[in-house]
Amino acid sequence: MNLLALLDLASVFVFALTGALVASRQQLDIVGFIFIACLTAMGGGTARDVLLQRDEVFWIANPIYVAVAGTAAVLVFFTAHKLESRMRTIIWLDALAVAIAVPVGVGVARSLGAEWPVLLMMGMVTACLGGLARDVVCNEVPLILKARDLYATAALAGAAANILVYEVVASRPFAALAAGLVTFGLRAGSI
Amino acid sequence: MNLLALLDLASVFVFALTGALVASRQQLDIVGFIFIACLTAMGGGTARDVLLQRDEVFWIANPIYVAVAGTAAVLVFFTAHKLESRMRTIIWLDALAVAIAVPVGVGVARSLGAEWPVLLMMGMVTACLGGLARDVVCNEVPLILKARDLYATAALAGAAANILVYEVVASRPFAALAAGLVTFGLRAGSI
Amino acid sequence: MNLLALLDLASVFVFALTGALVASRQQLDIVGFIFIACLTAMGGGTARDVLLQRDEVFWIANPIYVAVAGTAAVLVFFTAHKLESRMRTIIWLDALAVAIAVPVGVGVARSLGAEWPVLLMMGMVTACLGGLARDVVCNEVPLILKARDLYATAALAGAAANILVYEVVASRPFAALAAGLVTFGLRAGSI
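Residue numbers (numbering that gives the first Met the number 0), protein chains in the order written: chain S, 0 to 190; chain C, 0 to 190; chain Y, 0 to 190.
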């Protein structure tokens, strides 16, 4: 299992936690938790794979992702009521998931030979569309629309950092690290 | 025309009725009825076909589905004002449509050789995404989010029943029947 | 660059203006403007290309579209506060963009050899889904749902006009012109 796949798994897990926490605010049943967790965790990557016409959508090629998202949902289902502030937890986990998802999106597009404007778009699509679908379906004001929070901005800057670092040192791990740090730094600084 | 195609046609018709009834609550014009009916009726199956990368999306391969959804919309346009409770009718028709769509989604994925976690997901995607799109676009609280109603749960249980029965008796019609009964039973029992 | 590509570019630009104006009503930051502008401008055409399984989604094949939508977003970001009525501007620009997008959608589907019900659907999908995504994401009541405004109706009538004119004179430019005039006439007349 390579770096991209590992990061993808991590972002799926963390995004699924945020999805399940929103499901918990909506007081859904356990399958509702799983449904919203999967939508949040795999929505962005699914859009990316469909748009790039990859051979297979990542979670259809490898259903481990479905299991990981489902596990996160079940975990939250049995513990969310113990959290003091679910909204605060959602926002911080979401920042972490976005920071992981940006380099994944850019990396997948790069491995398919896409040009740099497409790399930028795929970083944003992978990072933003899952959380956006979560908020739209659950009737919450999308996190991405809150003006003072640098959300799309953080994702775009992270994707740009990834591309720049890769141009200079041609190292995928360093490029991914730069993208994650820039995205998380900007997003966390604005919360 | 095989069993899958017939069931698909039936679920498209019934989902289109629910879409048109929601359009009627929103007091749209006749083309608005047709638009929402098509979105509801074909949204789930379209997502399924795009995700599974079928050779063609079902209603592009065979435009009869568009005609069926359009007919349902026109029917409702001229009769909906006579219904005493549109919301009640929507909920029951929706339960019926979901019960038909679950075995269709599982069956399509099975005929493409997908593994069982993908079968489960495709049952839920086919059954839930059309109604979800209808409710999100029309600014209604998504049926799927109402906690006491077993919505996603019914779809997931139906898909699981389909897989189990198919493992045991290897009969597609029996598996489809089991899925439909389990889904409708759980959903109707919770309304 | 052929007629279809030019029209597509024009509709992307005008739809992006409407998306950025809605972003301005929501007081987003500049990257939020770009995000909503891209979603609005390229959402309908992206759905069309994914549904028709074109070789590549148009803006991935040719990233100039991303640049055009981004430029429109930046333009609006620095000028929107000078507009007296953003809502009025949005509605008129949107009518223009829909009138351009309908013949583009029909034309793309025709060039892929689709049958006429699919041509009608692709005219509506290309013209309506971008604006619908814009309104759903930004929590605005979708323009398409406002009953007295002939929105989907205008798009459908325009697509039908395109098909009829093409049957009679077999000229793509004339068919596109007819579609644009019928769509804009109906939509503008109902505003």
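Quick reminder that beta carbons are idealized off the backbone N, C-alpha and C, glycines included.
Query raised in the report: So what's C137(Y) in DSSP terms, helix, strand or just coil?
Result: coil
Query raised in the report: Contact between the region 36 to 44 of chain C and the region 128 to 139 of chain C: three or more CB pairs below 8 Å?
Result: yes
Report task. Might you give, ordered along the chain, the residues of its own chain that have their beta carbon closer than 6 Å to the beta carbon of V11(Y), omitting 5 neighbours on each side? Result -> A40, Y64, V67, A68
Requested in this report: On a CA-only basis, which of A22(C), F173(C), A160(C), M86(C) is nearest L142(C)? Give me that one, please.
Outcome: M86(C)
Query - Residues in the region 64 to 83 of chain Y having any Cβ partner in chain S nearer than 8 Å - result: If the cut-off is 8 Å between Cβ atoms, the region 64 to 83 of chain Y has V65, A66 near chain S.
Report task. At 4 residues or longer, and completely inside the region 85 to 158 of chain Y: list those alpha helix (DSSP H) runs for me, N to C. Result -> 85 to 110, 115 to 136
Query raised in the report: Should G112(Y) be labelled buried (16 or more other beta-carbon atoms within 10 Å of its own) or exposed?
Result: exposed
Query - Touching by the beta-carbon criterion (3+ pairs, under 8 Å), the region 18 to 30 of chain Y and the region 149 to 159 of chain S - result: yes
Query raised in the report: Using the C-alpha atoms, what's the distance from L2(Y) back to A96(S)?
Result: 42 Å
Query raised in the report: M123(Y) to L163(Y), Cα distance in whole Å?
Result: Taken atom to atom, the span from the alpha-carbon of M123(Y) to that of L163(Y) is near 16 Å.
**Report entry** Close-in-space but distant-in-sequence residues of the same chain around P215(C) (CB under 8 Å, 5 per side omitted)
**Finding:** Since the first residue of chain C shown is 0 and the last is 190, residue 215(C) is not available in this structure.
Query - At least three beta-carbon pairs within less than 8 Å, the region 71 to 90 of chain S to the region 7 to 23 of chain Y - result: Output reads no: the region 7 to 23 of chain Y does not touch the region 71 to 90 of chain S.
Requested in this report: Can you give me the start and stop residues for the alpha helix (DSSP H) that P172(S) sits inside?
Outcome: P172(S) -> alpha helix (DSSP H) spans 171 to 189.
Query raised in the report: In chain C, which residues lie with their C-beta within 8 Å of the C-beta of M123(Y)?
Result: F34
**Report entry** Close-in-space but distant-in-sequence residues of the same chain around A22(C) (CB under 6 Å, 5 per side omitted)
**Finding:** G31, F32, I35
Query raised in the report: Do you know whose CA, among G104(S), G184(S), L82(S), lies nearest T125(S)'s CA?
Result: G104(S)
Requested in this report: Report the neighbours of P62(S) on chain C: residues whose CB is nearer than 7 Å to its CB, in chain order.
Outcome: E114, P116, V117
Report task. Check the Cβ-Cβ distances between V107(C) and every residue of chain S, and say whether any is below 8 Å. Result -> no
Query raised in the report: Beta carbon of V144(C), beta carbon of Q25(S): below 8 Å?
Result: Per the sequence shown, residue 144(C) should be read as Leu rather than Val. Yes. Within cutoff.
Requested in this report: For the alpha helix (DSSP H) holding A71(C), just list the boundary residues, first then last.
Outcome: Looking at the DSSP string, the run of the alpha helix (DSSP H) that includes A71(C) is 63 to 78.
Query raised in the report: Going by Cα to Cα distance, which pick from V140(Y), S189(Y), L119(Y) is closest to A108(Y)?
Result: L119(Y)
**Report entry** Where N1(C) falls: helix, strand or coil (DSSP)
**Finding:** In this structure, DSSP gives N1(C) a state outside helix and strand, which the three-state scheme calls coil.
Requested in this report: With 8 Å as the threshold, decide whether the Cβ of A151(C) is near any Cβ in chain S.
Outcome: yes
Query raised in the report: Is the beta carbon of A98(C) less than 8 Å from the beta carbon of F14(C)?
Result: no
Query raised in the report: Which two residues bound the contiguous alpha helix (DSSP H) that contains V56(C)?
Result: Careful: V56(C) lies outside any alpha helix (DSSP H) and carries neither H nor E.
Query raised in the report: What number of angstroms, rounded off, separates the C-alpha of Y165(Y) from the C-alpha of M121(C)?
Result: 39 Å
Query raised in the report: L5(S) and A175(S): beta carbons closer than 8 Å?
Result: no
Query - D28(Y) - containing alpha helix (DSSP H), residue span - result: DSSP places D28(Y) in no alpha helix (DSSP H); its state is neither H nor E.
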